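Numbering (our numbering), first residue to last: 1235 to 1486. Just so you know, even glycine gets a beta-carbon here, dropped at the ideal spot from N, CA and C. Just so you know, these numbers come straight off a predicted model, no measurement behind them. Step one of this worksheet: look at the structure below.
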Ligand SMILES: [Zn+2]
C-alpha cells in the first residue's frame, strides 16, 4: 500500500511523504488507572509523530459539542449506566477517519475490554492496518492504590492539590499557600479507589491476555520515572517492530 510521490489525487495540503509515512502505526496503551497511560501516550505521540487519541477526551468533546454521538452517550451517563462498547467503538472509529490518523495513532483509554479490542482489530483491518503493539505499563495494584488515594485538596477558594508522596505539604494537613485545612474528596479515598480498581483491573488483565495471545503485548515496568518508562517503551517498540529506525545512523 505505497502512495506514489506523483500520485494523482494527492492533495497539495498533505504533508510530504517520506519512507516512514508509508504504513500507519497504531499502538494501544494498556494499564490500570494511575499507571500513567495518558502521560506516556502524549510523549509517545510526539516521539512517533502520530496523534494521541484518548477516549476520555473524545467523550468530553462529544458531550460538550452535543453531537449525536454525545447525546446518545449522555442518555446512558444520565442514568448512571456504562456507555456501551458499541457506542465507544463508533466514536473511536469516527476519530480514526480524521486525516491525521492516516499516519496511525496512540490509543489511550481504549480498548478497555476484550470485545472492544476485537472491535478495534476489525476497525483497523477495514483500513488495511492493524495494532502494531499493545503497550502495557505494568504497575502493581498496591502501587496504583497509593498513587490514586494520596490526593488531598485545600479548603481555600483555589483548591490547591497535594499528594502524600509526590507533593506533600510542608506542614501535615495544612495548605502551604493559604493555610487552610486539607481535605480528601470522596473519589480520592482509599475505599473508593479500591472499589474502582476491583472493577477496572479484571477486564484490563483480560485485555493484556488478548494481546499476549496475539503476540502483540509489549510490557514495561511502570514504577520508574516518567522519562525512564518512555525510554523503555520506545526501546521496546523499536525491538518489537520489523521496520528500521526512522532515522538510520542517528543512534550511537
Ligand atoms: Zn490552598
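Check	Outcome
Cβ neighbour criterion (16 or more within 10 Å) applied to residue 1415	exposed
Inter-residue spacing [alpha-carbon to alpha-carbon] between residue 1470 and residue 1280	16 angstroms
Any non-hydrogen atom of ligand 1 closer than 7 angstroms to residue 1397 Cβ	no
Coil, strand or helix - residue 1261 by DSSP	strand
Residue 1451 - partner residues in DSSP beta bridges	1368
Cβ neighbours of residue 1391 in the same chain (closer than 6 angstroms, five flanking residues each side left out)	none
Backbone secondary structure at residue 1301 - three-state DSSP	coil
Residue 1404 burial status per 10 Å Cβ neighbour count (16 or more: buried)	exposed
Neighbourhood of residue 1277 by C-beta distance below 6 angstroms, restricted to the same chain and skipping five residues each side	1464
Residue 1395 in three-state terms, based on DSSP	strand
Short Cβ contact (8 angstroms threshold) for residue 1269 with residue 1373	yes
Span of the beta strand (DSSP E), counted from its first residue to its last, around residue 1287	1286-1288
Stretch-stretch touch, CB-based, cutoff 8 angstroms, three pairs: the region 1325-1338 with the region 1278-1298	yes
Contact set for residue 1244: own chain, Cβ-Cβ below 6 angstroms, skip 5 residues either direction	Summary for residue 1244: the model assigns pLDDT 44, below 50, so the residue's position carries little reliability; its value from the coordinates is reported in the next sentence. So the list is empty, once near-sequence residues are dropped.
Cβ of residue 1372 within 8 angstroms of any chain D Cβ	Protein chain content of the structure displayed is limited to a single chain, and chain D is not contained in it.
The region 1255-1267 contacting the region 1334-1342, beta-carbon criterion three pairs below 8 angstroms	yes
Same chain, Cβ closer than 6 angstroms to residue 1452, neighbours up to 5 away in sequence not counted	1367, 1369, 1470, 1474
Alpha-carbon spacing of residue 1348 relative to residue 1410, whole angstroms	45 angstroms
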